[in-house]
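Chains as they are written, first to last, in my numbering: chain A, 1 to 112; chain B, 113 to 223. Positions of the beta carbon are idealized from the N, C-alpha and C atoms, including for glycine.
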């Protein structure tokens, strides 16, 4: 089944403790993105990647890192999480520049 | 700069009533617009895109370039339509197209 998977689905952590949210897609898509979803703000792009080893900042990249060492994986790294990063995070992928975007199930992160 | 505006945070209608979810955009190029839907506890999924001009689950959306709008409509709302709806614009960037989302509108269909 074609899909985007994320792990973990739920995470509660403390300020400053490094964490990684994994994202994987099995559709051989070139383009992958990370978004955060906050009430009243909708979906905001954090980082995106056009292909392996090619990444760039989205609209709200501060406090986040990403890597794209393999085509299928696009982990999101929070080196020193802070409470304002408490949010619902979505990974997404699509083929080419204008194809349909497929979303992961979301990761609900709480930073205390 | 590209921007998508959904003016209503919440739209509440009765079952069987018509629905119109508003979306306005700002973009200097030729727009490509989408509606995504997120049902409770599910991932976002594509509902429809303007270039396909199709009706999905009874929903339609027409691109009006003069009014820079892409409103989502359904003549008779059903309870299963209750969800969060996002309007999105595909904006051309140097390295490919970027999807810009609006803030979303929660649709509640009451029985």
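- Item | Reference residue 102(A), options 83(A), 31(A) and 37(A), closest by Cα | 31(A)
- Message: I'd like to check one pair, residue 211(B) with residue 135(B): are the Cβ atoms closer than 8 angstroms?
- Response: no
- Task: Look at residue 169(B) and residue 130(B) and say whether their C-beta atoms are less than 8 angstroms apart.
- Result: no
- Query: Is it buried or exposed for residue 163(B), if we count other Cβ within 10 angstroms and need 16 for buried?
  - Reply: exposed
- Item | Runs of alpha helix (DSSP H) lying entirely within the stretch 37-112 of chain A, each at least 4 residues, in chain order | none
- Taking 8 angstroms as the CB-CB cut-off, is residue 137(B) touching chain A? no
- Message: Three Cβ pairs or more, each shorter than 8 angstroms: is that satisfied between the stretch 9-20 of chain A and the stretch 44-60 of chain A?
- Response: no
- Smallest Cα separation from residue 64(A): which of 73(A), 93(A) and 34(A)? 34(A)
- What residues from the stretch 208-223 of chain B come within 9 angstroms of chain A, judged by C-beta to C-beta, listed N to C? 208, 209, 210, 211, 212, 213, 214, 215 and 216
- Item | Exposure of residue 96(A), with buried meaning 16 or more beta-carbon neighbours within 10 Å | exposed
- Could you give the DSSP three-state label for residue 120(B): helix, strand or coil? coil
- In whole angstroms, what is the alpha-carbon distance linking residue 221(B) and residue 37(A)? 23 angstroms
- Over what stretch of residues does the beta strand (DSSP E) that includes residue 157(B) continue unbroken? 157-161
- Rounded to a whole number of angstroms, what is the C-alpha to C-alpha distance between residue 18(A) and residue 69(A)? 20 angstroms
- Query: Of the choices 79(A), 62(A), 58(A) and 88(A), whose alpha-carbon is the least far from that of residue 104(A)?
  - Reply: 88(A)
- Query: Enumerated in chain order, which unbroken segments of the beta strand (DSSP E) with a length of 3 residues or greater are wholly contained in the stretch 147-203 of chain B?
  - Reply: 157-161 and 184-186
- How is the beta strand (DSSP E) around residue 1(A) delimited, first residue to last? Residue 1(A) -> no beta strand (DSSP E), and no H or E assigned at all.
- Among 72(A), 42(A) and 79(A), the one whose alpha carbon lies nearest that of residue 118(B): 42(A)
- Excluding the 5 residues preceding and the 5 following residue 100(A) in the sequence, name in chain order all residues of the same chain whose CB lies nearer than 7 angstroms to its CB. 94
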